[in-house]
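Step one of this worksheet: look at the structure below.
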Amino acid sequence: MKLDMIKLDGSKAGSVDLGEDIFDLDPRADILHRVVRWQRNKAQAGTHKVKTRSEVSYSTKKIYRQKGTGGARHGARSAPIFRKGGIYKGPTPRSHAHDLPKKIRALGLRHALSAKARAGELVIIEDFGSVAKTGTLAKQIKDLGWKRALVIDGAEVNADFAKAARNIDGLDVLPTIGANVYDILKRDTLVITKAGVEALEARLSKGELK
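Here it is, written out as structure tokens:
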């Protein structure tokens with residue numbers, strides 16, 4: 011599978027061969043859903059907490075005598091049926107993460123990349139050149155028509171580009187190791203450098219995440 015490659019100024023820079031087993035699959039929504047759900051659950055803080063009957067600030071003294079009041083029998087104001095009493099079986103801090111096989115995670119990344127390629131939302135860029143200023147980069151991105159874009163570089167992100175892109179709204183930059191299904195799918199445009207393509211193909215060559 012061949013795709014045209016451009017430079018940051020929009021000029022053509024030849025073409026690049028993309029692996030069909032990574033960039034030309036028929037995207038499966040069920041695989042993408044499983045991986046995104048795994049990512050979001052793993053990222054969930056799980057710090058929700060309510061106070062139980064033993065933790066609310068109330069005296070444990072019996073609130074009134076057992077018999078003779080004409081009402082129900084109660085031992086303390088901390089009972090769950092009272093206002094501001096303890097919560098019965100409420101949420102406690104826990105991890106929402108669940109296991110997902112590495113092969114499914116790798117397959118999800120392949121399908122996410124293929125989905126962008128199929129939708130015409132994949133851009134291959136030769137390199138970042140010598141971008142040093144945010145204003146210059148912002149103008150180049152505007153000229154290219156990138157509004158909500160994710161840029162994936164090689165093993166390490168170009169330091170000058172990352173610094174210039176830091177304050178540009180709608181532009182995010184990741185190294186190859188940080189490429190993930192959720193971030194790829196939620197952006198309108200996926201931009202990958204030539205080095206990023208090579209690193210992604212090496213990372214997914216055996217069908218497993220490294």
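Under the numbering used here, think of the first position of the sequence shown as 11, with each following residue one higher.
Note that beta-carbon positions come from the ideal geometry of N, C-alpha and C, so glycine has one too.
DSSP-derived helix/strand/coil call for residue i
| i | result |
| --- | --- |
| L225 | Absent from the structure is residue 225, since the part of the chain shown begins at 11 and ends at 220. |
| I16 | strand |
| K173 | helix |
| K220 | Below a pLDDT of 50, predicted positions are generally treated as unreliable, and K220, at 47, falls in that range; no measurement from the model is reported. |
| V141 | coil |
Beta carbon of residue i nearer than 7 Å to that of residue j
| i | j | result |
| --- | --- | --- |
| L123 | I32 | yes |
| L119 | W48 | no |
| A175 | L181 | yes |
| V26 | I134 | yes |
| V60 | S88 | no |
| A125 | P37 | yes |
| T186 | L210 | yes |
Residues near residue i in its chain [Cβ-Cβ closer than 8 Å; skip 5 each side]
| i | result |
| --- | --- |
| G20 | Q150, D153 and L154 |
| S140 | D170 |
Residue i - containing beta strand (DSSP E), residue span
| i | result |
| --- | --- |
| V201 | T199 to T203 |
| I135 | L132 to I135 |
| L117 | First-last for L117: K112 to R128, but that is the alpha helix (DSSP H), not the beta strand (DSSP E). |
Residue span of the alpha helix (DSSP H) that contains residue i, given as start and end
| i | result |
| --- | --- |
| V191 | V191 to L195 |
Rounded separation between residue i and residue j - CA only
| i | j | result |
| --- | --- | --- |
| L160 | K94 | 47 Å |
| I73 | H84 | 7 Å |
| M15 | L28 | 11 Å |
| K196 | I41 | 16 Å |
Neighbourhood of residue i by C-beta, 7 Å cutoff - its chain only, sequence neighbours within 5 removed
| i | result |
| --- | --- |
| A148 | I178 |
| A23 | M15, I16, K17 and E136 |
Same chain, Cβ closer than 6 Å to residue i, five either side skipped, listed in chain order
| i | result |
| --- | --- |
| T57 | P103 |
| A205 | G164 |
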